[in-house]
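To keep things clear, I will list the structure first and then write my remarks on it.
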Amino acid sequence: MNEGVHQRAKQVVRSWLESVSGRTVHGRSRNSDFGRKAYELCKGKGLEIGALHNPFDLDAEVVYLDQRKTAELRAHFKKHPRVRRISQIQLVWKGDAYPFIDDNAFDFVVNSHVLEHVCNPGRVIQEWLRIVRPGGIVYMVVPDKNNCFDRRREVTSLEHLLQDYEADTKLIELAHYSDYIFNTAGEAEVTHEASEEFVQKCFKGQTSVHAHTFTAQSLDAFLRALAKRVPFELVLCEQQRSAPLHIHCALRKVEEPKKQK
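Quick note: the sequence shown uses the UniProt record's numbering, first residue 1, plus one each step.
As structure tokens, this is what we get:
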């Protein structure tokens with residue numbers, strides 16, 4: 001997209017967001033260990049990314065964004081027992097940046113098990129913060145690598161994550177695909193083959209995988225380092241005791257001080 005197309009797209013989405021009523025989901029997870037904090041923090045009008053069949057239970061208007069249309073998602077996951085619960089998708093977009101969404105457009109952005117898939121976690125978090133208002137919340141749940149099929153992989157280093165941020169990296173590296181494919185092979189949840197040919201195929205297609213791995217400690221360190229580069233307050237970063245797979249994080253957008261003229 002060029003700048004003119006960006007602006008026209010923003011106008012269309014802005015008008016649509018002003019007129020549309022987001023979906024309010026009730027009665028599922030707000031009283032659970034998984035959903036309680038998100039329910040407390042995410043109010044107003046927000047964007048949920050990649051909800052699939054398990055949207056957060058929020059007292060809020062929620063717009064849903066995914067890489068595929070609702071019908072395509074339901075066809076892809078047709079054998080899943082909860083396929084009919086896949087959320088109705090209103091925005092379809094495959095990129096990690098949202099040039100068609102205004103700054104400060106939402107009160108919150110929420111997602112679960114998304115950050116580990118992206119090429120550049122720091123830049124993606126920066127983009128999520130861009131589209132929430134000052135004081136707004138970015139809430140994310142990230143898998144702990146020791147409690148999923150990443151258990152044999154090394155934790156992505158803080159240095160690597162910050163290098164990706166500073167370099168504005170746009171592609172998932174070949175080494176990440178090799179690490180993922182060879183070091184998750186044989187895990188109960190994994191069905192892919194382990195071969196150099198498959199690594200190359202995934203790299204060329206930039207296939208969605210767990211590109212990065214985290215623990216609660218490494219994610220906390222990364223977010224604290226990122227907060228020195230991107231204006232936000234770290235409200236929460238803790239592992240869910242009842243289900244240690246999940247690391248819950250909440251960031252509150254801080255308004256940048258106005259530059260002196």
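Note that the Cβ used here is the ideal one computed from N, Cα and C, for glycine as well.
Remember, predicted model here, so these are calculated numbers, not experimental data.
| Item | Value |
| --- | --- |
| Classification of G50 by the beta-carbon crowding that lies within 10 angstroms, buried from 16 upward | buried |
| Distance between V109 and E159 (C-alpha atoms, nearest Å) | 26 Å |
| Strand pairing of K253, partner residues [DSSP] | F232 |
| First and last residue of the uninterrupted alpha helix (DSSP H) at Y39 | 36–41 |
| Environment of residue 265 [buried if 16+ CB atoms lie within 10 Å] | It is not possible to answer for residue 265, since the shown part of the chain is limited to 1 through 261. |
| According to DSSP, residues forming a beta bridge with G44 | A60 |
| Residue(s) in a DSSP beta bridge with D144 | F214 |
| Backbone secondary structure at C237 - three-state DSSP | strand |
| G122 versus D164: straight-line alpha-carbon distance, rounded | 8 Å |
| Residues near S29 by beta carbon distance below 6 Å, same chain, minus five either side | G35, D57 |
| Residue range of the unbroken beta strand (DSSP E) whose run includes S112 | 106–112 |
| Three-way DSSP call (helix, strand, coil) for R224 in this model | helix |
| As assigned by DSSP and simplified to three states, the class of I137 | strand |
| Cα-Cα separation, L162 to K79 | 39 Å |
| Residues near L174 by beta carbon distance below 6 Å, same chain, minus five either side | F203 |
| Residue nearest to R151 in terms of C-alpha spacing, selected from P99, A194, E61, T213 | T213 |
| Contacting residues, own chain, Cβ-Cβ under 8 Å from D144 (five flanking each side not counted) | F214, T215, A216, Q239, P244, L245, H246, I247 |
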